[in-house]
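Below is one structure, written out as structure tokens; the observations come after it.
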Ligand code: AMP
Ligand code: AHG
Ligand code: MN
Ligand code: MN
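Numbering (the numbering used here), first residue to last: 6 to 349.
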């Protein structure tokens, strides 16, 4: 019989790194960490697993379709949006670590009656127009430290620039459920094993390629674009074998899915301002900032057309912003067209 000391080394490694273990390793690398942030991330993971269960059973559970209500953005609220919002809110409140919680689906920020030191901002269900047709949807969130944790929490705690984010992530409910997380030390992807109910590390250290071959924009808005953006779109579609043009087009209409593809494969995703949406469509705090944090952590770039998203000082909770993110070279080219530095 083999000696017990050699037995473990001879065993193949059947079990991968769980999200829980990854987060715990992060805590050990953070000097003086109390465990609050770790616990907060584990609570978010729990909420996601609960939402995942309902997303996967949506048709069966009668959750498809509209509730008939309209949210603060003036859009129809769908049942899954509401469910995801309630789960995240409940789980985060129970965690006891949040002084302020704000959601795309809530008119006002939720202020705790205790001085929890974190702010969590989220889009509970992104891509809701895709729910009824079984197309990928997701969740996006950002975590910030309250600037004055000793003071009673206040709604303005949520109005910090994205560069102060300490952790952000998104989840894509696609053919599999993928959780992409960064706490400021790179970007790591986890895939849910639905049998076990755990996320396992499946894409460590994701890097966004320097340049891609795909562009992602709602071309149906082109009549409302500025001349500069139209010139960029024409450039992207021109043939030039020396730099891989024309690019190929992919547009899901769920930012999480379009951004996830762009993060992995490179290229560019843009929801610019146009005549119909002069401030852009996407929300700075719930969508643009967490994605911008993740893209920068992965070596990519995120701008509002000209300036870095993470430097925008938010003025209001539901503020919208134009958003352009992706590979550094592709986003830089967009910026050159946008600012008029180049025209062809
Ligand atoms: P805490 O005392 O748990 O609230 O942690 C203080 C800070 O340390 C957090 O805001 C993070 O910046 C960092 N930190 C703590 N735990 C972790 C973790 N598990 N992974 C990454 N960073 C962490
Ligand atoms: P949400 O479902 O959270 O309201 O977000 C929808 C957003 C985003 O997911 C996507 O990029 C964009 O709307 C698509 O908008 P268009 O349908 O105007 O292209
Ligand atoms: Mn959204
Ligand atoms: Mn949403």
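Each residue gets a CB set at the ideal place from its N, CA and C atoms; glycine is no exception.
The structure displayed is predicted, hence computed values, not measured ones.
Euclidean distance between Cα positions of residue i and residue j
{"i": "residue 283", "j": "residue 330", "result": "18 Å"}
{"i": "residue 340", "j": "residue 119", "result": "44 Å"}
{"i": "residue 137", "j": "residue 69", "result": "6 Å"}
{"i": "residue 208", "j": "residue 194", "result": "5 Å"}
{"i": "residue 27", "j": "residue 42", "result": "13 Å"}
{"i": "residue 110", "j": "residue 130", "result": "9 Å"}
{"i": "residue 252", "j": "residue 216", "result": "11 Å"}
{"i": "residue 38", "j": "residue 346", "result": "46 Å"}
{"i": "residue 7", "j": "residue 19", "result": "Any reading at residue 7 needs caution, since the residue's pLDDT is 47, under 50, leaving its predicted position unreliable; the model's value is listed next. The straight-line gap from Cα to Cα measures roughly 20 Å."}
{"i": "residue 295", "j": "residue 97", "result": "17 Å"}
{"i": "residue 349", "j": "residue 168", "result": "33 Å"}
{"i": "residue 94", "j": "residue 106", "result": "7 Å"}
{"i": "residue 338", "j": "residue 242", "result": "14 Å"}
{"i": "residue 257", "j": "residue 30", "result": "35 Å"}
{"i": "residue 192", "j": "residue 32", "result": "16 Å"}
{"i": "residue 141", "j": "residue 135", "result": "7 Å"}
{"i": "residue 362", "j": "residue 61", "result": "Since the first residue shown for the chain is 6 and the last is 349, residue 362 is missing from the structure and cannot be characterised."}
{"i": "residue 247", "j": "residue 214", "result": "18 Å"}
{"i": "residue 79", "j": "residue 245", "result": "43 Å"}
{"i": "residue 89", "j": "residue 50", "result": "13 Å"}
{"i": "residue 224", "j": "residue 117", "result": "42 Å"}
{"i": "residue 220", "j": "residue 183", "result": "22 Å"}
{"i": "residue 204", "j": "residue 269", "result": "19 Å"}
{"i": "residue 307", "j": "residue 301", "result": "7 Å"}
{"i": "residue 104", "j": "residue 121", "result": "4 Å"}
{"i": "residue 36", "j": "residue 22", "result": "22 Å"}
Residue i beta carbon near ligand 1 (any heavy atom closer than 6 Å)
{"i": "residue 42", "result": "yes"}
{"i": "residue 31", "result": "yes"}
{"i": "residue 307", "result": "no"}
{"i": "residue 367", "result": "With the chain represented from 6 up to 349, any question about residue 367 goes unanswered, as that position is not in the structure."}
{"i": "residue 182", "result": "no"}
{"i": "residue 28", "result": "yes"}
{"i": "residue 188", "result": "yes"}
{"i": "residue 38", "result": "yes"}
Beta-carbon separation (whole angstroms), residue i vs residue j, contact threshold 8 Å
{"i": "residue 249", "j": "residue 332", "result": "Contact doesn't hold; Cβ gap of about 11 Å is too wide."}
{"i": "residue 202", "j": "residue 187", "result": "That belief does not hold up - the Cβ atoms of residue 202 and residue 187 are roughly 23 Å apart, past 8 Å."}
{"i": "residue 4", "j": "residue 77", "result": "This structure leaves residue 4 out entirely; the chain is present only between 6 and 349."}
{"i": "residue 185", "j": "residue 299", "result": "6 Å"}
{"i": "residue 100", "j": "residue 164", "result": "Contact flag wrong, Cβ pair sits at about 22 Å."}
{"i": "residue 197", "j": "residue 57", "result": "6 Å"}
{"i": "residue 132", "j": "residue 261", "result": "6 Å"}
{"i": "residue 66", "j": "residue 59", "result": "6 Å"}
Member of the options whose CA lies at the smallest distance from the CA of residue i
{"i": "residue 212", "options": "142, 161, 190 and 232", "result": "190"}
{"i": "residue 159", "options": "317, 292, 210 and 123", "result": "123"}
{"i": "residue 344", "options": "321, 316, 319 and 312", "result": "312"}
{"i": "residue 108", "options": "309, 125, 59 and 98", "result": "125"}
{"i": "residue 24", "options": "33, 40, 32 and 47", "result": "47"}
{"i": "residue 74", "options": "51, 87, 308 and 63", "result": "87"}
{"i": "residue 237", "options": "30, 274 and 321", "result": "274"}
{"i": "residue 222", "options": "81, 254 and 206", "result": "254"}
{"i": "residue 240", "options": "34, 303 and 218", "result": "218"}
{"i": "residue 152", "options": "170, 67 and 36", "result": "170"}
{"i": "residue 55", "options": "21, 91 and 72", "result": "91"}
{"i": "residue 304", "options": "334, 317 and 320", "result": "334"}
{"i": "residue 320", "options": "225, 161, 65 and 66", "result": "161"}
{"i": "residue 71", "options": "63, 81, 64 and 65", "result": "81"}
{"i": "residue 102", "options": "66, 65, 154 and 309", "result": "154"}
{"i": "residue 276", "options": "301, 314 and 139", "result": "314"}
{"i": "residue 234", "options": "63, 36 and 310", "result": "310"}
{"i": "residue 356", "options": "40, 104, 139 and 259", "result": "It is not possible to answer for residue 356, since the shown part of the chain is limited to 6 through 349."}
{"i": "residue 143", "options": "259, 114, 40 and 34", "result": "259"}
Closer than 6 Å: residue i CB and nearest ligand 4 heavy atom
{"i": "residue 350", "result": "The displayed coordinates of the chain run from 6 to 349. Any statement about residue 350 would go beyond what the structure contains."}
{"i": "residue 128", "result": "yes"}
{"i": "residue 118", "result": "no"}
Residue i beta carbon near ligand 3 (any heavy atom closer than 6 Å)
{"i": "residue 292", "result": "yes"}
{"i": "residue 86", "result": "no"}
{"i": "residue 263", "result": "no"}
{"i": "residue 131", "result": "yes"}
Residue i: CB within 6 Å of a non-hydrogen atom of ligand 2
{"i": "residue 316", "result": "no"}
{"i": "residue 73", "result": "no"}
{"i": "residue 259", "result": "yes"}
{"i": "residue 223", "result": "yes"}
Segment contact flag, the stretch 283-292 with the stretch 315-327, C-beta cutoff 8 Å, min 3 pairs: Result yes; three or more Cβ-Cβ pairs closer than 8 Å.
Segment contact flag, the stretch 170-184 with the stretch 262-277, C-beta cutoff 8 Å, min 3 pairs: Taking 8 Å as the limit for Cβ pairs, the verdict is that the stretch 262-277 does touch the stretch 170-184.
Meets three-Cβ-pair contact criterion under 8 Å: the stretch 290-300 and the stretch 140-148: Taking 8 Å as the limit for Cβ pairs, the verdict is that the stretch 140-148 does touch the stretch 290-300.
Three CB pairs or more closer than 8 Å across the stretch 221-238 and the stretch 272-282: In this structure the stretch 221-238 touches the stretch 272-282; the number of beta carbon pairs closer than 8 Å is three or more.
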